[in-house]
Amino acid sequence: QKEVEQNSGPLSVPEGAIASLNCTYSDRGSQSFFWYRQYSGKSPELIMFIYSNGDKEDGRFTAQLNKASQYVSLLIRDSQPSDSATYLCAVNGGDYGQNFVFGPGTRLSVLP
Amino acid sequence: DVKVTQSSRYLVKRTGEKVFLECVQDMDHENMFWYRQDPGLGLRLIYFSYDVKMKEKGDIPEGYSVSREKKERFSLILESASTNQTSMYLCASSPYTGSTGELFFGEGSRLTVL
Numbered sequence: 137q138k139e140v141e142q143n144s145g146p147l148s149v150p151e152g153a154i155a156s157l158n159c160t161y162s163d164r165g166s167q168s169f170f171w172y173r174q175y176s177g178k179s180p181e182l183i184m185f186i187y188s189n190g191d192k193e194d195g196r197f198t199a200q201l202n203k204a205s206q207y208v209s210l211l212i213r214d215s216q217p218s219d220s221a222t223y224l225c226a227v228n229g230g231d232y233g234q235n236f237v238f239g240p241g242t243r244l245s246v247l248p
Numbered sequence: 021d022v023k024v025t026q027s028s029r030y031l032v033k034r035t036g037e038k039v040f041l042e043c044v045q046d047m048d049h050e051n052m053f054w055y056r057q058d059p060g061l062g063l064r065l066i067y068f069s070y071d072v073k074m075k076e077k078g079d080i081p082e083g084y085s086v087s088r089e090k091k092e093r094f095s096l097i098l099e100s101a102s103t104n105q106t107s108m109y110l111c112a113s114s115p116y117t118g119s120t121g122e123l124f125f126g127e128g129s130r131l132t133v134l
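Chains as they are written, first to last, in the working numbering: chain G, 137 to 248; chain E, 21 to 134.
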């Protein structure tokens, strides 16, 4: 059974701080890693994806992947109240792109 | 932009009724998925399809069936709705690009079974 775990929330950070969201996965064959943001009552939307070890930056967001440790993280710099949402980590390793496994999500609150 | 459209945002049904949830995507994606999302349980895969008339069971297929007669359309069917199927249902699609394709989600269908 493939599993994806995320740090339990809710996570609260003050506005302007760095929010750090963590995710571990059990399947060493996993190849692709995604971070989705989900606002309350809305569907998930993709923030970032990462395939290779190391860091990937996109604006205020940085994804970090360490396949040896089976660990992926998302850093949000200069957090804003609009970043308050649930963040879902998803892992994919299937041949047809169908083996997406989601973590339970971490709820982030950015306090003004 | 990829658009995944779910036919109903909110439905209220009675126990034992047959329920159809429809999903259409406009980007010629090979893969389509049905998830349900419940508080504390996260997103759970019900069924997926990687081609017309093809379907594969996900983690929680019991009580559900699916139909994919055309590439752009993937339907979820609850043959006899029960109260424990009250949930948010999310349809998603992805292109076949090996393991790197991302999921594009519809807006969700919130089903209440009384």
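Beta carbons are placed, not taken as given, at the ideal position from N, Cα and C, and that holds for glycine. This structure is a prediction, so every number in the text was calculated from the model and none was measured.
Coil, strand or helix - residue i by DSSP
i                 : result
Met35 of chain E  : The displayed chain sequence assigns Thr, not Met, to residue 35 of chain E. In this structure, Thr35 of chain E counts as coil in the three-state DSSP scheme.
Tyr232 of chain G : No answer about Tyr232 of chain G holds up, because its pLDDT of 48 lies below 50 and its placement is not dependable.
Gln167 of chain G : coil
Gln206 of chain G : coil
Asp58 of chain E  : strand
Gln45 of chain E  : strand
Ser107 of chain E : strand
Ser144 of chain G : coil
Asp219 of chain G : helix
Met184 of chain G : strand
Pro150 of chain G : strand
Ser156 of chain G : strand
Phe238 of chain G : strand
Tyr172 of chain G : strand
Ala199 of chain G : strand
Contacts of residue i in chain E (Cβ-Cβ under 8 Å)
i                 : result
Gly241 of chain G : Gly62
Option in the options with minimal Cα separation from residue i
i                 : options                                   : result
Val140 of chain G : G:Ile212, G:Ser218, G:Ser168 and G:Lys178 : G:Ser168
Pro150 of chain G : G:Phe236, G:Ala226 and G:Ile212           : G:Ile212
Asn104 of chain E : E:Leu123, E:Leu134 and E:Asn51            : E:Leu134
Gln216 of chain G : G:Val246, G:Leu182, G:Leu147 and G:Gln174 : G:Val246
Met184 of chain G : G:Lys138, G:Val227 and G:Lys203           : G:Val227
Arg243 of chain G : E:Arg64, E:Lys33, E:Ser69 and E:Gly60     : E:Gly60
Asp194 of chain G : G:Lys203, G:Asn202 and G:Leu182           : G:Leu182
Phe238 of chain G : G:Pro248, G:Ser148 and G:Arg173           : G:Arg173
Gly152 of chain G : G:Phe236, G:Lys203 and G:Ser220           : G:Ser220
Glu42 of chain E  : E:Arg88, E:Leu123 and E:Gly121            : E:Arg88
Phe124 of chain E : E:Val39, E:Met52, E:Glu37 and E:Ile66     : E:Met52
Leu224 of chain G : G:Asp191, G:Asn189, G:Arg164 and G:Lys178 : G:Lys178
Partners in chain G for residue i, counting only beta-carbon separations shorter than 7 Å
i                 : result
Phe125 of chain E : Ser179 and Pro180
Leu110 of chain E : Ser179
Listed by chain order, chain E residues near residue i by CB distance under 7 Å
i                 : result
Phe236 of chain G : Leu123
Per-residue contacts from residue i into chain G (C-beta, under 8 Å)
i                 : result
Gly128 of chain E : Lys178 and Ser179
Contact set between the region 171-189 of chain G and chain C, restricted to residues whose Cβ is under 7 Å from the partner: No chain C is part of this structure, whose protein chains are labelled G and E.
The region 93-107 of chain E touching the region 64-84 of chain E, judged by at least three CB pairs closer than 8 Å: yes
Contact between the region 66-80 of chain E and the region 121-133 of chain E (3+ Cβ pairs under 8 Å): no
Sufficient close CB pairs (3 or more, under 8 Å) joining the region 154-161 of chain G to the region 203-219 of chain G: yes
Proximal residues, the region 199-229 of chain G versus chain E, C-beta separation under 9 Å: Leu224, Ala226, Asn228 and Gly229
At least three beta-carbon pairs within less than 8 Å, the region 106-117 of chain E to the region 49-58 of chain E: yes
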